[in-house]
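A.B. asks: Below are the structure tokens for one structure; questions will follow.
There are 4 protein chains.
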Amino acid sequence: MIKAGIIGATGYAGGELVRLLTAHPEVEIAWYGSRSYIDKKYYEVYRNMFRIVDDKCMDDNMEELADLVDVIFTATPQGLCATLVNEEILSKVKIVDLSADFRIKDVKTYEEWYGIEHKSPQFIEEAVYGLCEINREAVRGARLIANPGCYPTCSTLSIYPLLKEGLIDPSTIIIDAKSGTSGAGRGAKVDNLYCEVNENIKAYGVASHRHTPEIEEQLSYAAGQEVLLNFTPHLVPMNRGILITAYASLMKEQLPDGTSVCPSYEKVRAAYDKYYDKEKFVRVLDKNICPETKWVEGSNYVDVNFKIDERTGRIIMMGAMDNLVKGAAGQAVQNMNLMFGMPEAEGLELVPMFP
Amino acid sequence: MIKAGIIGATGYAGGELVRLLTAHPEVEIAWYGSRSYIDKKYYEVYRNMFRIVDDKCMDDNMEELADLVDVIFTATPQGLCATLVNEEILSKVKIVDLSADFRIKDVKTYEEWYGIEHKSPQFIEEAVYGLCEINREAVRGARLIANPGCYPTCSTLSIYPLLKEGLIDPSTIIIDAKSGTSGAGRGAKVDNLYCEVNENIKAYGVASHRHTPEIEEQLSYAAGQEVLLNFTPHLVPMNRGILITAYASLMKEQLPDGTSVCPSYEKVRAAYDKYYDKEKFVRVLDKNICPETKWVEGSNYVDVNFKIDERTGRIIMMGAMDNLVKGAAGQAVQNMNLMFGMPEAEGLELVPMFP
Amino acid sequence: MIKAGIIGATGYAGGELVRLLTAHPEVEIAWYGSRSYIDKKYYEVYRNMFRIVDDKCMDDNMEELADLVDVIFTATPQGLCATLVNEEILSKVKIVDLSADFRIKDVKTYEEWYGIEHKSPQFIEEAVYGLCEINREAVRGARLIANPGCYPTCSTLSIYPLLKEGLIDPSTIIIDAKSGTSGAGRGAKVDNLYCEVNENIKAYGVASHRHTPEIEEQLSYAAGQEVLLNFTPHLVPMNRGILITAYASLMKEQLPDGTSVCPSYEKVRAAYDKYYDKEKFVRVLDKNICPETKWVEGSNYVDVNFKIDERTGRIIMMGAMDNLVKGAAGQAVQNMNLMFGMPEAEGLELVPMFP
Amino acid sequence: MIKAGIIGATGYAGGELVRLLTAHPEVEIAWYGSRSYIDKKYYEVYRNMFRIVDDKCMDDNMEELADLVDVIFTATPQGLCATLVNEEILSKVKIVDLSADFRIKDVKTYEEWYGIEHKSPQFIEEAVYGLCEINREAVRGARLIANPGCYPTCSTLSIYPLLKEGLIDPSTIIIDAKSGTSGAGRGAKVDNLYCEVNENIKAYGVASHRHTPEIEEQLSYAAGQEVLLNFTPHLVPMNRGILITAYASLMKEQLPDGTSVCPSYEKVRAAYDKYYDKEKFVRVLDKNICPETKWVEGSNYVDVNFKIDERTGRIIMMGAMDNLVKGAAGQAVQNMNLMFGMPEAEGLELVPMFP
């Protein structure tokens, strides 16, 4: 039985971790960290957990926690994990950090986009970017996991095979993303009130969202060259779910007669299949079926698909997932499973809920 | 391994049965009955099931099914189960009927409220009303279960202890119920279009909803006398969830000085505890906490609570549950578990999803 | 041209006042009071008003305002209007108070339910309860209007004719109310975040909501005797709209043979028609049509209807309206129109928006 | 007083026409055409119109109608207007066609994308594309208006100035659009049921949506060259509203030192101002403010803005409007106003409703 501690257990991602770990056969939660609710019963903060969790919320004491548990999840605002972690802690306990602190290898890029000083740059190199489908082996051996952001997970998985296989032009990528409101967190802000979000859609963070450099870094690895792209997130009136619609120009194939054509459906499909055929959590949909966030709700799946537009020579790549599961807590559990040598899908065999 | 067949697998309740049984460790679904989608892959009707269910939809052939499976779930419109069932079938297979066909003991009442002739009145007496918390022993031995309606489940469990203990006046009960839209089914009707339901609330079936006699019958058993009541359902712009708010006059206690008082909070609470203390799926909430449908979403819980109003001498009883789980598919699985001697909560240890 | 000042212009009710007064042909808004946003452009707080309102938000200075305008609307938290008002101000300007300060004639009842001391009890007697359909003449001559609460407006108008005509038993009234979330205001609270309200319904303020004594007072006038009742509001995942479903026992009519019967549909209908036949803003719906909040959205209508249940001897009364219009700003404008001798419906000829 | 007839008065766009024309001071609706509801009271189809409209629904008889009214609005499926119209009718009455029949000048393109034969190609040339902000003078003199599609209106107005001024590369345009569900119409389809749309977002019509050639044609006029682009609509869980997020590469300016830079914010802003400064219904928002559909709900406004991304050399153009108003009925009324020499904004001074 693995003992887990959660720092930031009362945010939405933290709450989802509790939901998943409570049902995980090999894990026991030993610490519900929440500075805002210390000494309050956890179920008083999340009444869905009444009679399921009887523990109280604790302080965010990582030192104490490191002696007590096998794995710490930090589901906290940017900067906190980097402030708390140190070599002694890492020698005792594995850490899955759901914040952005260790996702970006270039500390300057991190500091520019996040506007804060990085307090533990010495661990950035060691930290493994926990996108299991791509970095599985590295995850297994890691002490410190940078759990990917929600948008980067969905974006990277939707685009990755085509860059790897050289099917799209890396300089033409545009990602238009749509997210449910749980991604905005549980903080009390007017902007996130029901009446402000309901019956409304808007873009935000245009050309400035902090997930941009994270996506660019991951896609640069895939492309083997630096990728700059446009990323525009939108706030959608729903609780959960991320949909990304990405655009890129296809690399055309020269025909003997001097003309050029887009790669065929079959060729593009083969690229997706090459990388995802054996992936449990990535479902490449049937031809012409567009992903819908509702089809993955509550589960760890990412549904992807694409459409070739021969008129414009572009491809439209689509991906859908639950931002709190594969985009946060589910992926964190997947990483934990790998780190502890458990079956990767343990506790994650979640059937999507519909409707 | 128990083999299950579902007739009506592509309605919302049928879909939820598939979700629950797919994750049930002791059950295998052998038949996805759906007259509307015969020969279509099940996942083409419910894309959330892609790569989880690969079977095709079959006809509603109960005879053939009876030879093939151990239990049949009928999640079909009223009248179908009563038309298909016969002694030979019942001698081979257990049936959990999610329709109303066998819920009401008085066939005339059934025929009046449902406006159809009952085709198998000979099985009404035998059928067990599958509200496990109340009829547990009878369920264990049953061949034919009348799985309770969604509103009746939530209403009965919220009111039952107080009638049993004589704390409320049975002639004063008013139930005001609110349901998510999945209760209206997956039929293509203008009334259930997104734009008609969204940003809207309305009562329907006022003083005429067919769940009324079912609730009355169950509460009559509890009261030991005939109960007539008012039941008003409302359609709420959300997918899942039923909330009932019920009102009744408290039986006052005579004081030595000739005045009378309402029973105390503690006394009423003790009545709830007496019946639900050991019930896994009924959660009596802490004092002053009102049930919310979100706290039980996706789970088999019913959350209940109450508030005494001494000014008016009435009590307000509240109950919340997921109409597709405890109100339909979850309760059906709970019944199946009991009928087959399995742990009652097998496959139903569902942690509510929030948000 | 009437000059209007609004204190509390940036709450939802204040925002709706701005929407209505902006389109009112005889009114000019001269003061957008909002302590939280002083010196900020009003359209920066409500971007829908971009290029429609160019003024800045001002302080809540009622003294200064009284010299400047003809009418002041106070759309502020309880207690503020009673604190600011005085004889000198009332001698200069008419006031429509959208808070509860002057709604309840018994100051002790006010202080008990609202938990604050009343700072201007000397004006309570003079203040006119601005439910125009009932107090039209008094409104015309008033200096100070207590604009009715949202729930009381809808509840009173739905029940009033039947009490007036002695058709229901005043001791049996139960009001189950459902409201959209704009009724909870624009304050930044976790409870009102999108993810907390969406896909959820709950009761709140059970047996303790502050609109209870207001409804009781108005219905007591109608009944000619003291009325105590149950009032239970619920929070519904929609922006606007209030639906009330009220229950009462009908006064039965004795037949010559000694039995008794409920009054007929025609008789009850006649009672509604007697009071509302000439009322522009109260629509008594066709038989068997249940009010829906969507049908009145954005308008000043209240739709009412009823259903007799002969089985239980009760009547179900239903009413729907837009809580921000007839339940707040629209009614305030209606009162202003009457006070200034304008046509009552001026600026309120709003066609409900559907969908 | 202008007499108007509506063919297709009971769809959502037709219903919105009724809402707007009912409040229009110079128009009287003389014909509520609806083949599905002939002889039914209009308010029985749209209960919001109770006591506002008392007329019955009529057949779609354009011949009869032409003798009766001054203007006919056809809010019908594709193909119907082209089938019904003829020279005699056009000689008697003005027509505003809300369908796509006369929007596309190249009949082959129409027939390819819509999959139907055009029955009146002889009127295509004459028909004026009723985007008033661009074709105002032609609209004034027209007999037959092709009322623009919802997506094309929002897309064209958001991008037009930059193409006109040569600020963006016409070969790089990508439009990612999001629409509320009223755009899908009032037909009873499973896909548009509440439970299917709610808590969900998806792309549809990817690389094949019929508004694509319409947008391309309009933008080609602006660019002075043929424009091919990508257009991807998405279905969003809300009733009303369209948001478009469009991407294009900026035309860089060569600097004396041989490098090149993006045009400045001021320069791009000046392009928008040049075309929209005097347009009542196009609001160019303040710098860094992203359009939100809620800010224009119920009104005829289109809110537009942009953001320059110097890192990628692209510009993000955004536009928001109410699909049923500026995207359909409001624009139709705006066209009618121009055609009859009335003030362009008559009946369209609608203040957006928030929340």
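Protein chains in written order, with the numbering used here: chain F, 2 to 356; chain X, 2 to 356; chain D, 2 to 356; chain W, 2 to 356. C-beta: ideal position from N, C-alpha, C; glycine also.
1. So what does DSSP say about H235(D), is it helix, strand or coil?
2. Measuring CB to CB, does V228(W) end up less than 8 Å from L220(W)?
3. I'd like to know if the stretch 108 to 123 of chain F and the stretch 146 to 156 of chain F are in contact, where contact means that at least 3 CB-CB pairs between them fall below 8 Å.
4. Roughly how many whole angstroms lie between the Cα atoms of R52(X) and Y273(W)?
5. Identify every run of the alpha helix (DSSP H) within the stretch 189 to 225 of chain X, keeping only runs that are complete inside it and at least 4 residues long; order them along the chain.
6. For Y13(D), return the contacting residues in chain W, with the cut-off set at a CB-CB distance below 9 Å.
7. Using 10 angstroms around the beta-carbon of K295(W), count the other beta-carbons present and answer buried if the total reaches 16, otherwise exposed.
8. Comparing alpha-carbon positions, which option in V46(X), F355(X), P353(X), G348(X) lies nearest C26(X)?
9. Assess contact between the stretch 194 to 208 of chain W and the stretch 260 to 279 of chain F, defined as three or more Cβ pairs (one per stretch) separated by less than 8 Å. Is contact present?
10. Identify the residues that DSSP records as bridge partners of Q332(W): which are they?
11. So, with DSSP's three-state summary, where would you put L251(F)?
12. Going by DSSP, what residues sit across from W32(W) in a beta bridge?
13. Could you check the C-alpha separation between K165(D) and V334(X) for me, to the nearest Å?
14. Identify the contact partners of R187(D) in chain F, using a Cβ-Cβ distance below 9 Å as the criterion.
15. Would you mind stating whether I8(X) and D71(X) have Cβ atoms separated by less than 8 Å?
16. According to the Cβ coordinates, are F74(W) and V97(W) closer than 8 Å?
17. Below 7 Å CB to CB, which residues in the same chain sit around S183(X) once its five sequence neighbours on both sides are set aside?
18. In chain order, which alpha helix (DSSP H) runs of at least 4 residues are fully inside the stretch 117 to 161 of chain W?
19. Find the residues of chain D that neighbour G16(W), judging by a C-beta separation of less than 9 Å, and give them in chain order.
20. Which word fits Q332(X), buried or exposed, when buried means at least 16 other C-beta atoms lie within 10 angstroms of its C-beta?
21. May I ask you to list the residues that DSSP assigns as paired with K281(D)?
22. Taking a Cβ distance cut-off of 8 Å, strictly less, list which residues of the stretch 47 to 61 of chain X are near chain F, in chain order.
23. Using a Cβ-Cβ cutoff of less than 6 Å, which residues in the same chain neighbour Y44(W) once the five nearest sequence positions on both sides are dropped?
24. Name the chain X residues that come within less than 8 Å of N240(F), Cβ to Cβ?
25. Cβ closer than 7 Å: which chain D residues qualify as neighbours of M319(X)?
26. At a threshold of 7 Å, does A321(W) count as lining the ligand GDP (C-beta to nearest heavy atom)?
27. Could you give the residue range of the beta strand (DSSP E) that holds K95(F)?
28. Against H235(D), what residues of chain X qualify as contacts under a CB-to-CB distance less than 8 Å, listed in chain order?
29. What are the start and end residues of the alpha helix (DSSP H) that includes K295(X)?
30. If the cut-off is 7 Å on Cβ atoms, which residues from the stretch 21 to 51 of chain F count as contacting chain X, listed in chain order?
31. Could you tell me whether the Cβ atoms of S159(F) and G320(F) are closer together than 8 Å?
32. Counting C-beta neighbours from all protein chains within 10 Å, is the total for S100(D) 16 or more, i.e. buried, or is it exposed?
33. Could you tell me how far apart the beta carbons of M322(F) and L163(F) are, in whole angstroms, since I believe they sit closer than 8 Å?
34. Return no unless some Cβ of chain D is closer than 8 Å to the Cβ of I382(W).
35. So that I know if they touch, is there some Cβ in chain X lying closer than 8 Å to that of G116(F)?
36. According to DSSP, what are the bridge partners of N306(D)?
C.D. replies: Checking against the coordinates, here is how it stands:
1. strand
2. Inclusion of V228(W) and L220(W) in the CB contact set at 8 Å is warranted, their separation being smaller than that value.
3. no
4. Cα-Cα distance, rounded: 49 Å.
5. 195 to 198, 212 to 224
6. F355, P356
7. buried
8. Inspection of the sequence shows that residue 26(X) is occupied by Pro rather than by Cys. Nearest option by C-alpha distance: G348(X).
9. no
10. Note: Q332(W) sits in no beta bridge, so no partner.
11. strand
12. W32(W) is bridged by DSSP to G6(W).
13. 52 Å
14. V191, L194, C196, E197
15. no
16. yes
17. Y13, N240, R241, N324, L325
18. 133 to 141
19. F355, P356
20. With 16 or more other Cβ atoms within 10 Å, it is buried.
21. None, per the DSSP bridge assignment.
22. Y47, R48, N49, M50, F51, R52, I53
23. Answer for Y44(W): M50, F51, V54, listed in chain order.
24. P356
25. A204
26. In terms of ligand content, the structure shown is empty, and the ligand GDP therefore cannot be addressed.
27. Here the beta strand (DSSP E) through K95(F) covers 95 to 98.
28. K179, L244, T246
29. Looking at the DSSP string, K295(X) is not in any alpha helix (DSSP H), and its letter there is neither H nor E.
30. Taking 7 Å as the Cβ-Cβ cut-off, the stretch 21 to 51 of chain F approaches chain X at T23, A24, Y47, R48, N49, F51, given in chain order.
31. yes
32. buried
33. The Cβ separation is near 18 Å, so there is no contact.
34. With chain W covering only 2 through 356, there is no way to say anything about residue 382(W).
35. In terms of beta-carbon proximity, G116(F) stays away from the interface with chain X, with every pair separated by 8 Å or more.
36. N306(D) pairs with M319(D).
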